[in-house]
Amino acid sequence: MQASRIASRVTAAGAVAGTAVLALSVPAFAHVTVQPETPAAKGGYTVVDFKVPNERDKASTTKVEVNLPADHPIASVMPQAVPGWNAQVTKSRLAKPLTVHNETIDEAVTKVTWTAADGKGIQPGYFQKFPLSLGALPENTDQLVFKAIQTYSNKEVVRWIEAPQAGQDEPENPAPVLELSAATDDHHGTAGAEDASDKSASAADSGSGSHDTDITARVLAVVGIVAGAAGVAYGVLAGRRRTA
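In my numbering, the protein residues as written are 126 to 369.
#1: Which residues does DSSP list as the beta-bridge partners of phenylalanine 271?
#2: Taking 7 Å as the cut-off, decide whether the C-beta atoms of threonine 74 and glycine 246 are in contact.
#3: Alpha carbon to alpha carbon, how far is aspartate 182 from asparagine 279? Give it in angstroms, no decimals.
#4: Does the stretch 166-185 come into contact with the stretch 260-280, if we say contact requires no fewer than three beta-carbon pairs (one atom in each stretch) closer than 8 Å?
#5: In or out: glycine 244 buried (at least 16 other Cβ within 10 Å) or exposed?
#6: When the Cα of valine 307 is compared with those of Gly169, Pro198, Phe271, Gln253, which residue comes out closest?
#7: Would you call alanine 233 buried or exposed, if buried means 16 or more other Cβ atoms sit within 10 Å of its Cβ?
#8: Judging by CA-CA distance, which residue of Glu281, Pro299, Ser185 is the nearest neighbour of glutamate 287?
#9: Shortest alpha-carbon distance to asparagine 227 belongs to which of Val282, Ala261, Ala206?
#10: How close, in whole Å, do the beta carbons of valine 207 and valine 237 come, if the pair is a contact with beta carbons under 8 Å?
#11: Does the beta-carbon of alanine 329 have 16 or more other beta-carbons within 10 angstroms, so that it is buried, or is it exposed?
#12: Can you find the residues in the same chain that come closer than 7 Å, C-beta to C-beta, to tyrosine 251, ignoring five residues on each side of it along the sequence?
#13: Counting C-beta neighbours from all protein chains within 10 Å, is the total for valine 173 16 or more, i.e. buried, or is it exposed?
#14: Could you pull the DSSP bridge partners for leucine 303 from this structure?
#15: Taking the alpha carbon of aspartate 267 as the reference point, which residue from Pro222, Gln248, Arg284, Ala291 has its own alpha carbon closest?
#16: Compute the Euclidean distance between the alpha carbons of proline 198 and threonine 235, then round it to the nearest angstrom.
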């Protein structure tokens, strides 16, 4: 009986502790973040999603601004159409031109702004993803910091612009950070897939031919056995007739 009471108390204490942890951890996730849909390799191209949650109970998010890092400019930036939102791309002249595919680029996208077209925006209790195609990603850094600004229908503005520092606690308003993976031989990430597809098709063709040959051999063997059995039966029957 006593053991049962102790177990119940431990379970209750665990539940309370778990609830407390959840209550403390929820705010940590309620900020603008960025996640790649495809590998974000240095020197390559990728599509990322900026995830924007609505943190207010009585206001909706009507505008989202994402500022691209000026110290690591990206030559190609294209937003994907998001239903109910208008996207505006802002370009600026670069202090130091970029060279991409032997072509010099002296301006790049520095900001993308999404504005709710119907006025509804992101309602309380919901989030919205805003996709961007980026490339070529810089090869001289391990991460990209995007400063984001979130505007609510009640005119409140939240600035997610604080860059996280290694070895320190997460800031109150952290900026979205995209971690970059090691560079690959194929920056576009397509040749490898095509090679793998060709090899798979070749293996499938080879396997198919071998499989067909095996089936043919089995069919011929079965036909031979049936023919032999028929011949033996005919011989036996003929012998009986002669004896009679």
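Quick reminder that beta carbons are idealized off the backbone N, C-alpha and C, glycines included.
None of the values given here were measured: they were computed from a predicted structure.
Short version:
#1: When beta bridges are read from the DSSP output, phenylalanine 271 appears opposite no residue.
#2: Residue 74 is absent from the structure shown; the chain starts at 126 and stops at 369.
#3: Linking asparagine 279 to aspartate 182 through their CA atoms gives a straight-line distance of about 11 Å.
#4: Yes, the stretch 166-185 touches the stretch 260-280.
#5: Glycine 244 counts as exposed, since fewer than 16 other beta carbons sit within 10 angstroms of its beta carbon.
#6: One detail in the question is off: residue 307 reads as alanine in this sequence, not valine. The candidate whose alpha carbon is nearest that of alanine 307 is Gly169.
#7: In this structure alanine 233 is buried. Its beta-carbon is surrounded by 16 or more other beta-carbon atoms within 10 angstroms.
#8: Among Glu281, Pro299, Ser185, the Cα nearest to that of glutamate 287 is on Pro299.
#9: Answer by Cα proximity: Ala261.
#10: In fact, because the Cβ distance is near 11 Å, the residues do not count as touching under 8 Å.
#11: Note that alanine 329 scores a pLDDT of 45, beneath 50, so its modelled location is shaky and nothing firm can be said.
#12: Asn179.
#13: Per the 10 Å Cβ criterion, buried.
#14: Looking at the DSSP assignment, leucine 303 forms a beta bridge with Leu269.
#15: Checked all of Pro222, Gln248, Arg284, Ala291; the closest Cα to aspartate 267 is Ala291.
#16: When rounded, the distance between both Cα atoms is 8 Å.
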